[in-house]
Structures are given as structure tokens and as C-alpha cells.
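Structure first, commentary second.
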Amino acid sequence: MYKNTIFDEMTHHQTTSYPVTEERFNVVSHALGFVLSVLATGLMLAKADNRISILSSLVFGSSMMLLYAASTLYHNST
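So this is what it looks like as C-alpha cells:
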């Protein structure tokens with residue numbers, strides 16, 4: 008009835024397929040990013056000298072860890 012509506016355009020998407028070697032590299036590099044973000048969070052917390060610095064380090068560090076963990080899992084599943 009309503010063809011080519013904005014809704015149809017928004018829900019229709021193409022998926023891109025990447026070579027297996029590229030996906031494996033993404034898994035390894037993002038897993039390394041996760042490990043480095045854990046280390047960086049520890050360093051930031053060690054340098055933090057007040058409550059706001061500690062909270063800021065925790066928020067930033069946990070967001071980095073979550074980003075790299077999610078990305079690693081995503082690339083590992085494709």
C-alpha cells in the first residue's frame with residue numbers, strides 16, 4: 008500500500024561481509040585494546056588523588072573496557 012516510505016528505507020539495510028583474516032585481526036587488536044584499557048584504568052586510579060578524579064577514572068576506564076569488550080565479542084561472532 009505505502010511503498011518506498013521512510014520507514015521502509017530505514018529498516019532496509021545491507022550487510023557487509025569482511026574476509027576472515029580481517030575479522031581475526033579485529034578480534035586480536037580489540038582484545039589487546041581491552042587489556043590496555045584495563046591497564047590504563049589501573050594507572051589512572053593510581054594517579055587519582057581525590058574523589059572526582061577517582062570517579063572520572065572509573066567512568067572513563069569502564070567505558071573503554073566496555074567498548075573494547077563489546078567490539079571484541081562482535082567481531083568474534085561474525
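Going by the working numbering, the first residue of the sequence shown is number 8, and it counts up by one from there. All residues carry an ideal CB built from backbone N, CA and C; glycine is no exception. On a predicted model such as this, the values are computed, not experimentally measured, just so you know.
Cβ-based neighbour list, Phe-32, same chain, cut-off 8 Å, excluding 5 preceding and 5 following | Here residue 32 corresponds to residue number 25 of the sequence shown, with the count starting at 1. Nothing meets the Cβ criterion.
Should Gly-49 and Ser-78 be called a contact, given that it needs their Cβ atoms to be closer than 9 Å?
-> Start at 1 with the first residue of the sequence shown, and residue 49 comes out as number 42. Start at 1 with the first residue of the sequence shown, and residue 78 comes out as number 71. No, the Cβ-Cβ distance between Gly-49 and Ser-78 is not below 9 Å.
Limits of the unbroken alpha helix (DSSP H) element including Tyr-25 = For this step, residue 25 is matched to residue 18 along the sequence shown. Element bounds for Tyr-25: n/a, residue is neither H nor E.
Spatially closest choice to Leu-46 from Ile-59, Gln-21, Ser-69, by CA coordinates = What you label residue 46 is simply residue 39 of the sequence shown in a count that begins at 1. Closest option to Leu-46, Cα to Cα, is Ser-69.
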